[in-house]
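Peer 1: One structure, pasted below without further comment.
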Amino acid sequence: MISDRYINNKYRSYRFILAIAATMLNVLLSYFASEFGMPLYLDCIGVVLVAMVAGSLPGIFVAVMTNALCVFYYRDSIYYSLISVLIAIISADFIEKNRYKKHINYMKLIVELAVLSGIMGIIFQLILLGDVQFDQVADVASYVATRDSAAFYIVSTLLLIAINVVDKGMSVMIAVLIYNLIPSGVSKRIWNCSFDMNASIKREGSSNRKSIGKRGTIRNREAVMVLIIVVSLAFVFTWVNISTNYGSDKEDAAKKAVAASSYVASFVDGDRIEEYLSDSSLVATYKNESYTYTSDMIRLFFDTYGDLDELSVYKIDDGRCRMIFACDDAFAKDGVVGQLSDLDKDMLYDLEHCTNESGKGTYSAHTRYGYSISSYVPVYDSEGDRVAYVVATVKTNLRSDYVRRYGMHSILLLSGVLMLVLSYGLWETGHHVVTPIESLEKSIDGFMDGIDDQNMLDKSVKELQKLDIRSGDEIERLYKSVCEMAVGTTEQMRNIRFLAKTKDKMQNGIIITMAEMVENRDSDTGAHIKKTAAYVRIILESLRRKGYYTEKLTDKYIAEVEMSAPLHDIGKINISDVILNKHGKLTDEEYAIMKTHTTAGKEILDDAISTIEGESYLKEARNMAAYHHEKWDGTGYPEGLHGQVIPLSARVMAVADVFDALVSPRVYKEAFPLERALEIIKDGSGKHFDPKCVEAFFDALPEIKAVMKKYQENNGGIS
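In short: position in the sequence shown from 1, add 1024, done, that's the numbering used here.
Structure representation (structure tokens):
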């Protein structure tokens, strides 16, 4: 027999092959669209298909892999992976929530994907490219929204949404076509193959128990934990990326500045510095060939080297900076060789604090325009004296610029991968922890709900065993322990119920025996105790059907009252046979003695209750024995109770006892006709009897008559 584990592994292989094939399909179609300049993407057919067949995580995997492979012909594709990831999530949700059963929902799905892709696409394009990706879209938007940038972007967004309606429409239709070609049994097994439990109950994990709150679930706690980890990793990666690029650019800028200043210092003639200064000529009209040649060389180097913000030669003289060469249009036009620079204090401070013994050094500073790094290299004359300094300055972006540029790129770059990691964490938690525990919880709830019914318990144990959790970890061990506990509890409950039934039979036998001992002393016949017990049950059930005393009338209460009803006359055991079997009317003294059977019965049963603790049915027996001769209007005995102060069981017994006494023969009277007996019961409503009990009695009259007929037949027609 092939094991479920083998079958699951087989379908996991199918899922992997499907994911690889879908990724290749996406890449090929996307490359085709890119090569032919089509304003379409065609890169999410496989994403939608895999998400529909295998779930969100495989779909997200295909989405990220597709965008990663597309960088070989479109380097910015990886930044759009978040859009593909969201498409996978929406497509999987479409299947999981059974939205595919209505055709209109396919159109809704296409519109959802198109709007999502269009809005997020235009945002990502502006971040990455600074403009709209497709020239066709930009041309149409420019034509429609002339000289209005806001309108341009609105039109571009609408055009992108329209393009995505076509693109996503094709993708969804092709994916659905392939999905429908896959046998439903195969697609279901592929969807469920990640679970380590019975496939038949995998999507039934939610429990019927009332929720303890969103924050109280393992799924949400794990989601928060994984999200915190993912966000933290993203933050660290982004910050490291920013810091690395920022530091690297600063180092490159410093190297460029040093290289530029060193190179210029190598060809400036230090022996002629004083000559240039002494001439004090306008730069524009200075006819010194050496100066002109050197100035042209510096300017040519400045223009061709690139990245230089400043390249100048200064003479430090008595704490003043005199400009000799400078790549500055204003200096070339109106400047004078040797003019004082307005940077005297800054340059002197830099030279004092940043140069080493050789006179070389670099200085970094933040400015309102960016971050600048200046390199100072001395110029020497033929005798080795330091006669001037070459200053080369390179500007880089501020850290905030790096945060904006690299931060957004890093977020977009990582978004798809981190969503894959997050989804994998939630997928693993859901499949291997949450779903098994939820299924186990549901089975335990069913077990507890059926605790009062042995058949329900047996069924619940079978359902629990069907889960077949086999994760190979603590969850599986917990499951096996719960199964063993459930089986053991079920067998214990079976034994307890058997013992309880045996006990009930013994109790009923004892009750009937005790009641018959009393009844056999009475010359009357006709199974009085059995008939009154049957009448009591019929009246109680009729009361419940009518909605009276519903809080009181539970199954347990009705069973206890019916079981203890035969003891209502137990007190007659103390009454003399002479009085009990007297033919004719009792004297006042004899009647007074007869009435003591109620208090005697109460005392007998109170003693029994104190001896047999926890037997609640004896309490109702005590109530009926003591108070079944009380009357609704308070004129009864022994205590003259009235209304609902009289226990319900005694009020019901009063109707049953009087009715049976009326329709049954006694030593002192003949049986009343049924019509006359019913008339007496009706007249006693609100006086002798609880009106609701009388109403319930008459509503159940067919059942009452059936009991009468049964015992008349058993007694040979004697009533």
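Even for Gly, the Cβ is constructed at its ideal location relative to N, Cα and C. All figures in this text were calculated on a predicted structure; none of them were measured in a lab.
1. Please identify the residue among V1687, V1250, M1480 and N1216 whose C-alpha is closest to the C-alpha of N1033.
2. Using DSSP's beta-bridge definition, name the partner residues of M1347.
3. Based on Cα-Cα distance, which residue from L1444, K1619 and V1511 lies nearest to I1468?
4. Between the alpha carbons of L1182 and G1142, how many angstroms are there, rounded?
5. Would you call A1174 buried or exposed, if buried means 16 or more other Cβ atoms sit within 10 Å of its Cβ?
6. Does R1239 come out as helix, strand or coil in the three-state DSSP assignment?
7. In the DSSP assignment, find the unbroken beta strand (DSSP E) run with A1116 in it and report its ends.
8. Tell me which same chain residues have a C-beta within less than 6 Å of the C-beta of F1722, skipping the five on either side of it?
9. Going by CA-CA distance only, name the one from D1707, H1592, P1726 and S1439 that's closest to F1148.
10. For P1402, does the three-state DSSP call read helix, strand or coil?
11. Let me confirm a value: I1636 is counted as buried when at least 16 other C-beta atoms fall within 10 Å, else exposed. Which label applies?
12. Determine the contact status of L1106 and M1432, defining contact as a CB-CB distance below 8 Å.
13. Whose C-beta lies closer than 7 Å to the C-beta of R1646 among residues of the same chain, with five residues either side of it excluded?
14. How many angstroms separate the CA atom of M1131 from the CA atom of Y1395?
15. So, with DSSP's three-state summary, where would you put D1477?
16. Out of L1437, L1053 and F1060, state which residue places its alpha-carbon closest to the alpha-carbon of R1099.
17. Let me confirm a value: V1669 is counted as buried when at least 16 other C-beta atoms fall within 10 Å, else exposed. Which label applies?
18. Report all residues from its chain with a CB closer than 6 Å to the CB of V1445; omit the five preceding and five following residues, and keep chain order.
19. Excluding five sequence neighbours on each side, which residues of the same chain lie with their C-beta closer than 7 Å to the C-beta of E1565?
20. Of the residues A1289, D1191, L1725 and I1499, which one's Cα is nearest the Cα of L1053?
21. At the level of alpha carbons, what is the spacing between L1747 and D1476?
22. Could you tell me the alpha carbon to alpha carbon distance between M1618 and L1702, rounded to whole angstroms?
23. Just tell me which of V1457, Y1735 and T1659 has its CA closest to the CA of N1244.
24. Return the CA-CA distance between M1472 and S1600, expressed in angstroms with no decimal places.
25. Would V1415 pass as a contact of S1336 if the rule is Cβ separation under 8 Å?
26. Give the straight-line distance between the Cα atoms of K1234 and L1464, rounded to the nearest whole angstrom.
27. Does the beta-carbon distance from V1560 to E1586 come in below 8 Å?
28. Considering only C-alpha positions, which residue in the set Q1478, E1498 and Y1503 is nearest to L1488?
29. State buried or exposed for H1607, treating a residue as buried only when at least 16 other CB atoms are found within 10 Å of its CB.
30. Using DSSP with H/G/I as helix, E/B as strand and the rest coil, what is I1397?
31. Applying the 10 Å Cβ sphere with the 16-neighbour rule, what's the burial state of Y1030?
32. Tell whether a beta-carbon distance below 8 Å holds between E1654 and E1663.
33. Determine the extent of the beta strand (DSSP E) in which V1676 is found, giving its start and end residues.
34. Report the partner residues of K1274 according to the DSSP bridge assignment.
35. Classify N1232 as helix, strand or coil using the three-state DSSP reduction.
36. Taking the beta strand (DSSP E) that Y1413 falls in, what are its first and last residues?
Peer 2: Reading from the atomic positions:
1. Distances from the alpha-carbon of N1033 to those of V1687, V1250, M1480 and N1216 put N1216 closest.
2. Paired residue(s): Y1338 and Q1363.
3. V1511
4. 7 Å
5. Classification of A1174: exposed, given that the 10 Å Cβ count is below 16.
6. Residue placement at R1239 is flagged as unreliable, the pLDDT there being 47, under the threshold of 50; a coordinate-derived value is accordingly withheld.
7. Looking at the DSSP string, A1116 is not in any beta strand (DSSP E); the run it does join, the alpha helix (DSSP H), is S1105 to E1120.
8. none
9. For the set D1707, H1592, P1726 and S1439, the Cα lying nearest the Cα of F1148 is the one of S1439.
10. The three-state secondary structure of P1402, taken from DSSP, is strand.
11. exposed
12. no
13. K1626, L1629, D1630 and I1633
14. 53 Å
15. coil
16. Comparing Cα positions, the closest option is L1437.
17. exposed
18. V1254
19. I1582
20. D1191
21. In the structure displayed, the chain extends from 1025 to 1743; residue 1747 sits before or after that span and is not available.
22. One Cα belongs to M1618, the other to L1702, and the distance between them is close to 26 Å.
23. V1457
24. 53 Å
25. yes
26. Note on K1234: pLDDT 45, under 50, position unreliable in the model; the coordinate value appears next. The alpha-carbon of K1234 is positioned some 15 Å away from that of L1464.
27. E1586 is positioned such that its CB atom lies closer than 8 Å to that of V1560.
28. If we check each option's Cα against that of L1488, Y1503 comes out closest.
29. H1607 counts as exposed, since fewer than 16 other beta carbons sit within 10 angstroms of its beta carbon.
30. strand
31. exposed
32. yes
33. Premise fails: V1676 lies in the alpha helix (DSSP H), L1672 to V1687, not in any beta strand (DSSP E).
34. According to DSSP, which records beta bridges pairwise, K1274 is partnered with nothing at all.
35. With a pLDDT of 43 at N1232, under the threshold of 50, the modelled position of this residue cannot be trusted, and the question is left open.
36. R1410 to T1420
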